[in-house]
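Just so it is clear: in the sequence shown, position 132 is 132 by the UniProt record's numbering, and no numbers are missing.
Everything below concerns the one structure shown next.
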Amino acid sequence: MWAPGGQNRPYKAPASVSARNKTWHYYIRRYSSTVEAKGETEQELLNLAAKVPFDDRFNQMSKVNDLSKSLMQSFLQEVGSELAKDAANLSVEVLGRQMNVVGGPAESPWPKNVGLMFFNEHPEHFFPGTQIDVVWFPEDAGGDRFDEKIFKGPLARMTREALDYIQRNYLHETVVKHPG
1 MWAPGGQNRP YKAPASVSAR NKTWHYYIRR YSSTVEAKGE TEQELLNLAA KVPFDDRFNQ
61 MSKVNDLSKS LMQSFLQEVG SELAKDAANL SVEVLGRQMN VVGGPAESPW PKNVGLMFFN
121 EHPEHFFPGT QIDVVWFPED AGGDRFDEKI FKGPLARMTR EALDYIQRNY LHETVVKHPG
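Right under this line is the structure:
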């Protein structure tokens, strides 16, 4: 059985694997024994897990090949990174490690959540609800009518497209000349 350590820790295990109705607990290693984490020990265990931000966690429901090399290369060129020159000759895994969007051991690399949000064409497959909704109420917020435009895709593109849409459709300059 493969039970990789991960950044979504801690994990619970059943008190008895053969019990019909399992009760789950956190366990820790104390010296040479495995014991149930209780009280302050359990709280300390949970606090340790809270130190890894969501963006930096490995996504173990995905594979490194879920990252788009072309999106990674475009990003590097857009920001003027020196890494852009070498990117074409690197594997997705090596490039991802250089960009800090891939982690884990060499035998089991994982993309980080931030990598999937920025460098996958459909991040909503990994993070349901990943989209930007631009909503306009032409009759003010209390009106019955509204216009909605939904943007999906990699985070940077989705954000850029939503902001461009707002600027094109809703931001207008009005100049009022006052006599005098």
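Don't be surprised by glycine CBs; every beta carbon is placed ideally from N, CA and C.
Helix, strand or coil for residue i per DSSP?
i	result
F119	coil
G129	coil
T34	strand
D66	helix
F151	strand
V176	coil
V17	coil
V94	helix
G39	helix
S81	coil
A88	helix
Along the alpha helix (DSSP H) that carries residue i, what are the first and last residues, could you check?
i	result
D164	155-169
K51	Segment: none, K51 is in no alpha helix (DSSP H) and carries neither H nor E.
Residues bridged to residue i by DSSP?
i	result
P111	V102
Y26	K12
F58	K112
V135	E148
Report all residues from its chain with a CB closer than 7 Å to the CB of residue i; omit the five preceding and five following residues, and keep chain order.
i	result
V92	V64, N65, L67, K69
R9	A49
N113	F54, D55, R57, N59
S62	P111, L116, F126
Can you tell me the Cα-Cα spacing of residue i and residue j, whole angstroms?
i	j	result
H178	E139	28 Å
residue 182	L163	Outside the displayed span of the chain (1 to 180) sits residue 182, for which this structure offers no information.
W2	P105	Annotation note: pLDDT 45 at W2 (below 50); position unreliable, no value reported.
T174	P128	40 Å
L83	H125	28 Å
M158	I132	7 Å
L45	A19	26 Å
W110	A37	28 Å
G142	K152	27 Å
Leaving out five residues on either side along the sequence, give the residues of the same chain with a beta carbon under 6 Å from the beta carbon of residue i.
i	result
V135	F146, E148
CB-CB under 8 Å to residue i, same chain, minus the five flanking residues each way: which ones, in chain order?
i	result
T41	I28
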